[in-house]
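Asker: The following block contains the structure, expressed as C-alpha cells.
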Amino acid sequence: MKMNKLVLFIVLMLLSAVISGCNKSSPIGSVVQENGADGVVGAVKEINVKAFQFGYDPDVIKVKKGERVRINIDNSDVLHGIRVPDLGLRGDYSLEFTADKQGEFAWYCTNMCGQGHMGMKGKLIVE
C-alpha cells in the first residue's frame, strides 16, 4: 500500500512539472520587451532550439549585430546545452548575450550525451 502511494505521488509530481513547463516558450525568433538590470526597457530576440540525440533544430541561427539574444534550449531527451567557444558562451538551458561580433560561430553540445555527442553542433551567424 505504501509503495502504491509513493508511485502515485511521484507520477503526480512529474505530471505537474510537465504541465507547469508547457506555457514557457515563445515562437522561434520572437521579440519580447524586458526591463534590464539597469531599468532600461529593451527588445530581446528569443529563439527556441530543440536539442536531441544527436542534433539541434534549428541547427543554424541568424541574428543581427547589436541584437540582444536569448536562446532557450529544450533538452528533449537528455541534458545537452550549447557552447559557443569563440564567443565565450555556454548554457545548459539558455544563453543570453548581445551579438556584438560579426561572423559565423560554431556551437557544440556541452554535455556528454552518447555516441553521437561529438557530432552535435550548429552555427550562429551574426550579420
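Count along the sequence shown from 1, then add 250; that gives the number in the working numbering.
Positions of the beta carbon are idealized from the N, C-alpha and C atoms, including for glycine.
1) Which residues bound the beta strand (DSSP E) around G331?
2) Could you say which of L256, V376 and D342 lies nearest to N361 if we only look at CA atoms?
3) Work out the CA separation of W357 and G372 for me, nearest whole Å.
4) Identify, in the order they occur along the chain, each residue of the same chain with its Cβ nearer than 8 Å to the Cβ of L337, setting aside the five sequence neighbours on each side.
5) Using the Cα positions of A301 and A349, report the straight-line distance between them to the nearest angstrom.
6) Alpha carbon to alpha carbon, how far is C378 from V294?
7) Going by beta carbon distance, what residues of the same chain come within less than 7 Å of D327, once the five residues before and after it are set aside?
8) Identify, in the order they occur along the chain, each residue of the same chain with its Cβ nearer than 6 Å to the Cβ of D309, setting aside the five sequence neighbours on each side.
9) Would you mind sorting V257 into buried or exposed? The rule is 16 or more other CB atoms within 10 Å of its CB.
10) Where I321 and I297 are concerned, what is the direct C-alpha to C-alpha distance, given to the nearest angstrom?
11) Just to confirm, are G305 and G369 a CB contact at a threshold of 9 Å?
Answerer: So, from the listed chains and residues:
1) First-last for G331: undefined, no H or E at that position.
2) D342
3) 5 Å
4) F347, K351, F355 and L374
5) 22 Å
6) Because the chain is modelled from 251 through 377, residue 378 falls outside the range shown and cannot be assessed.
7) F302 and Q303
8) G372
9) exposed
10) 5 Å
11) yes
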